[in-house]
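Everything on this sheet refers to the single structure shown next.
2 protein chains.
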Amino acid sequence: MIRVLVVDDHPVVRQGLRTFLDLQDDITVVGESADGASCVDDADRLRPDVILLDLRMPGADGVTALRGLRDNPARVLVVTSYTEPGAVLPAVRAGAAGYVYKDVDPPALAAAIRSVHAGHVLLHPDVARLLTEGDTHPGPAELTARERDVLAEVARGRSNREIARALSLSEKTVKTHVSSILGKLGVQDRTQAALHAVRTGLVDS
Amino acid sequence: MIRVLVVDDHPVVRQGLRTFLDLQDDITVVGESADGASCVDDADRLRPDVILLDLRMPGADGVTALRGLRDNPARVLVVTSYTEPGAVLPAVRAGAAGYVYKDVDPPALAAAIRSVHAGHVLLHPDVARLLTEGDTHPGPAELTARERDVLAEVARGRSNREIARALSLSEKTVKTHVSSILGKLGVQDRTQAALHAVRTGLVDS
DNA sequence: TCGTCCTTTGGACCTAGGTACACCTCCAGC
DNA sequence: GCTGGAGGTGTACCTAGGTCCAAAGGACGA
Chain A
1 MIRVLVVDDH PVVRQGLRTF LDLQDDITVV GESADGASCV DDADRLRPDV
51 ILLDLRMPGA DGVTALRGLR DNPARVLVVT SYTEPGAVLP AVRAGAAGYV
101 YKDVDPPALA AAIRSVHAGH VLLHPDVARL LTEGDTHPGP AELTARERDV
151 LAEVARGRSN REIARALSLS EKTVKTHVSS ILGKLGVQDR TQAALHAVRT
201 GLVDS
Chain B
1 MIRVLVVDDH PVVRQGLRTF LDLQDDITVV GESADGASCV DDADRLRPDV
51 ILLDLRMPGA DGVTALRGLR DNPARVLVVT SYTEPGAVLP AVRAGAAGYV
101 YKDVDPPALA AAIRSVHAGH VLLHPDVARL LTEGDTHPGP AELTARERDV
151 LAEVARGRSN REIARALSLS EKTVKTHVSS ILGKLGVQDR TQAALHAVRT
201 GLVDS
């Protein structure tokens, strides 16, 4: 029996996954978590074999949660809606055992859970391609804490001036942060950065 | 027995809703649709009492689907993730019988379906407040087809120049469109417009 | 203690984004 | 036939966004 922990911020999705997965003979859902922070505790307590993790969550994002789960023996299957290289690569590097899109049909998801539990690393073909392609040169380039603050504001549609006021900085400083954020994310402008942030779950809405 | 049609682009969510709702004594899911276009046909064919409609879908967005469903006697319960006035108001004006957030817990969702089926108009308190507040002056201000084209590009992070190339327009024209889009959506810049578009489901990712 | 990284600020500079106004064509409806 | 709206183009202009370079203080680990 494969013990599964479902992590998603939408109760409807959690309930749906639980109801469906419990119908499988060899899978049982031992718990649900609504966000990245609580899922680390839940994983310690419930000792699941596999964790279904939605990358896109408010508060602590999926990648942060993945890091918190490193000590846990559970295999993490990332279930998300997006194809962004910027989201996939850090997740896989942070220890995800699998990465599937949310638009898989449920039987395929059950199969993915079994594969991951069996020790396989499961990647969607597109994801695997991304990995092999951009493997060497670019590098992960993680954001600093301050840059994440700024990016969160950018992702809410704020202007540099507004961000400066909100964080008590000069507009120049904000520009510097934005500039290095763009560089690290590999995007051209703040709009792309905001979309990236939304996809990776850095901001709620 | 309340006949329900589930419309959502994620198979996992559809399956989840179906499994949960079928557990209710008085509710049966008679069908699922993956997008706004097919849901209109499905509704004609399956004659559901209530349609659960996700506003955020690729291709034909939720509001367009709502218009197509006007002739159908089914009551439409919009289930979505976002609070945006710009998404809520058009939906309600387009004939939604209810509007709940996706973060309702499943029992509350079942209750909402029963309420809507009983003829009630069901609005989340926040939504009702938005309605009564901004009722008179601003107006819905719908986008033209061309403006939606441009907005879709903006929401993919494209620059004006790239949009001009993609749509075979001059950059000036794109600017004009973007400008009127910003005015109609009531936002300040392209980043906010892009975020708005993502929230309302105009673009996939 | 030294080196490194993060954070902050500044100046100079260029470009993309956005506004305001005017003019054109095409097409549906009266 | 006229009218109005939508789409397209343009000019001029201003502002926000972004880059490059430089600098200084603080935290932290080797």
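Heads up: the protein sequence lines correspond to chains A and B, in order.
Counting along the first sequence from 1, when you hit position 54 you're at 54 in UniProt numbering, and nothing is skipped either side.
Counting along the second sequence from 1, when you hit position 2 you're at 2 in UniProt numbering, and nothing is skipped either side.
Just so you know, even glycine gets a beta-carbon here, dropped at the ideal spot from N, CA and C.
Since we're looking at a predicted model, the values are computed, not measured.
Chain A residues whose Cβ lies nearer than 8 Å to that of residue i
| i | result |
| --- | --- |
| Q15 (chain B) | G16, F20, D105 and P106 |
CB-CB length for residue i against residue j, believed under 8 Å
| i | j | result |
| --- | --- | --- |
| A112 (chain B) | G98 (chain B) | 6 Å |
| D189 (chain B) | L182 (chain B) | 7 Å |
| V116 (chain A) | V50 (chain A) | 6 Å |
| V6 (chain A) | L52 (chain A) | 5 Å |
| residue 234 (chain A) | A155 (chain A) | With chain A represented from 1 up to 205, any question about residue 234 (chain A) goes unanswered, as that position is not in the structure. |
| V76 (chain B) | K102 (chain B) | That pair is no contact at about 15 Å. |
| L122 (chain B) | V100 (chain B) | 7 Å |
| S180 (chain A) | E147 (chain A) | 6 Å |
| T200 (chain B) | R56 (chain B) | 7 Å |
Contact check, residue i vs residue j, beta carbons under 7 Å
| i | j | result |
| --- | --- | --- |
| A65 (chain A) | P48 (chain A) | no |
| L151 (chain B) | K184 (chain B) | no |
| G157 (chain A) | T191 (chain B) | yes |
| F20 (chain B) | P107 (chain B) | no |
| E153 (chain B) | A164 (chain B) | no |
| D54 (chain B) | D8 (chain B) | yes |
| I2 (chain B) | D25 (chain B) | no |
| V198 (chain B) | V198 (chain A) | yes |
7 Å Cβ cut-off: residues of chain B touching residue i
| i | result |
| --- | --- |
| A194 (chain A) | T191, A194 and L195 |
| G31 (chain A) | Result: empty, since nearest Cβ-Cβ is about 16 Å, beyond 7 Å. |
Under 9 Å from the C-beta of residue i: neighbouring residues of chain B
| i | result |
| --- | --- |
| P11 (chain A) | K102, D103, V104, D105, P106, A108 and L109 |
Residue i: contacting residues in chain A (beta-carbon distance under 9 Å)
| i | result |
| --- | --- |
| G157 (chain B) | V187, Q188, D189, T191, Q192, A193, A194, L195 and H196 |
Does the stretch 162-176 of chain A touch the stretch 11-30 of chain B, meaning 3 or more C-beta pairs lie closer than 8 Å?
-> no
May I ask you to verify whether the stretch 28-36 of chain B touches the stretch 35-45 of chain A, counting CB pairs closer than 8 Å and requiring at least 3?
-> no
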